[in-house]
Amino acid sequence: MMTLDCQLTFRMLLEAMSCPGQRMTLPDSAEESPFRPACTTILHTLLDADTPVALAYPDAAAEHWLRTRCYAPVVPPKDAVFAVATNWSWEEHVFPIGTEEEPEDSATLIIEISTLQGGPNLILRGPGIQSTRAIAPEISAGFLPFSQHNHALYPRGIDLILCSGRDFLCLPRTTEIEEA
0 MMTLDCQLTF RMLLEAMSCP GQRMTLPDSA EESPFRPACT TILHTLLDAD TPVALAYPDA
60 AAEHWLRTRC YAPVVPPKDA VFAVATNWSW EEHVFPIGTE EEPEDSATLI IEISTLQGGP
120 NLILRGPGIQ STRAIAPEIS AGFLPFSQHN HALYPRGIDL ILCSGRDFLC LPRTTEIEEA
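Numbering that gives the first Met the number 0 puts the first residue of the sequence shown at 0, with every later residue one more than the last.
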């Protein structure tokens, strides 16, 4: 992936983390990958040989792609800086959440979902949101209890990036999420 593409994607990720729930659209990516376009571009941007990544579920093609295209070491979930999942089971708490002294030692979970709209209506509050923001990602059951537990862990916790097609949005651990 070209350096300018990675720089643009990184700036978009920073903006999306600063404005939780704001939908971002990445440029087209022609790269063949076992992941959807937004996830592919984000992984290229964030991963390198010094950035351990975990797959939530074993997938030989995805592991091969991460090792050969991003040069990233694929590690067990407990050692991950980033993790990639599809159809994530929210009851599983296997990724690092950091400590009170070092909350930055937590993982960021990048989740592929079918769409960022058409799911249950959720209301977001917190830093980067003037009052409230509404989103409706089509996300698996158990998300709301997970997100509420994750928010309660602050400053520890997991930051989320939801990807669908070329679109993504970020939900940092500081974001309070409730049903509309």
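The beta-carbon is built from N, C-alpha and C at its ideal position, and this holds for glycine as well.
> Would you report the Cα separation of V52 and Y70, rounded to the nearest angstrom?
Replying inline: Along the sequence shown, one-based indexing puts residue 52 at 53. Along the sequence shown, one-based indexing puts residue 70 at 71. When rounded, the distance between both Cα atoms is 10 Å.
> With burial defined as no fewer than 16 other Cβ atoms inside 10 Å of the residue's Cβ, what is the status of D158: buried or exposed?
Replying inline: Within the sequence shown, the letter at position 159 stands for residue 158. Classification for D158: buried.
> Along the chain, which unbroken stretches of the beta strand (DSSP E) at least 3 residues long are found entirely within the segment 41-77?
Replying inline: 52-54
>> What residue range does the beta strand (DSSP E) around L143 cover?
In response: By 1-based counting over the sequence shown, the position of residue 143 is 144. Here L143 belongs to no beta strand (DSSP E); instead the alpha helix (DSSP H) covers F142 to A151.
> Mapping DSSP to helix, strand and coil, what is S17?
Replying inline: Against the sequence shown, residue 17 aligns to sequence position 18. Here S17 sits in helix by DSSP.
> How many angstroms separate the CA atom of P171 from the CA atom of M16?
Replying inline: Walking along the sequence shown from the start, residue 171 turns up at place 172. Walking along the sequence shown from the start, residue 16 turns up at place 17. When rounded, the distance between both Cα atoms is 6 Å.
> Can you check whether the CB of T39 is closer than 7 Å to the CB of S28?
Replying inline: Mapped onto the sequence shown, residue 28 falls at position 29. Mapped onto the sequence shown, residue 39 falls at position 40. In this structure, T39 lies closer than 7 Å to S28 by Cβ.
> Given T85, which residues of its chain have a CB within under 6 Å of its CB, disregarding the five upstream and five downstream residues?
Replying inline: Counting from one through the sequence shown, the residue named residue 85 turns up at place 86. For T85, where only same-chain residues beyond five positions count, the Cβ hits under 6 Å are E111.
> CA-CA distance, P119 and G156?
Replying inline: For the purposes of this step, residue 119 is taken as the residue at position 120 of the sequence shown. For the purposes of this step, residue 156 is taken as the residue at position 157 of the sequence shown. When rounded, the distance between both Cα atoms is 23 Å.
> Who are the Cβ neighbours of F81 in its own chain at under 7 Å, not counting the five residues just before and after it?
Replying inline: Mapped onto the sequence shown, residue 81 falls at position 82. Excluding positions up to five away in sequence, the list reads L45, L46, T50, V52, A106, T107 and I109.
> Are E90 and G141 touching if we call contact CB-CB under 7 Å?
Replying inline: Against the sequence shown, residue 90 aligns to sequence position 91. Against the sequence shown, residue 141 aligns to sequence position 142. Yes, they are a contact pair.
>> Quick check on the DSSP output: what are the complete alpha helix (DSSP H) runs of length 4 or more inside the segment 86-139, in order along the chain?
In response: none
>> For A61, count the other beta carbons within 10 Å of its own beta carbon; 16 or more makes it buried, fewer makes it exposed. Which is it?
In response: Taking the sequence shown and counting its residues from 1, the one referred to as residue 61 is at position 62. The residue in question, A61, is buried, as its Cβ has 16 or more Cβ neighbours within 10 Å.
> In whole angstroms, what separates the C-alpha of I128 from that of A55?
Replying inline: Residue mapping note: residue 128 aligns to position 129 of the sequence shown, counting from 1. Residue mapping note: residue 55 aligns to position 56 of the sequence shown, counting from 1. Their backbone Cα atoms lie some 30 Å apart in a straight line.
> Going by the CB atoms, is the gap between R22 and L115 shorter than 7 Å?
Replying inline: Working through the sequence shown from its first residue, we reach residue 115 at position 116. Working through the sequence shown from its first residue, we reach residue 22 at position 23. Against a cut-off of 7 Å, the Cβ pair of R22 and L115 comes out as a contact.
> Whose C-beta lies closer than 8 Å to the C-beta of W87 among residues of the same chain, with five residues either side of it excluded?
Replying inline: As a position in the sequence shown, residue 87 is number 88, starting the count at 1. Excluding residues within five positions, the ones whose Cβ falls inside 8 Å are A55, L108, I110 and S139.
> The beta strand (DSSP E) with S28 in it runs from where to where?
Replying inline: Position 29 of the sequence shown, counted from the first residue, corresponds to residue 28. Run containing S28: none; DSSP gives neither H nor E here.
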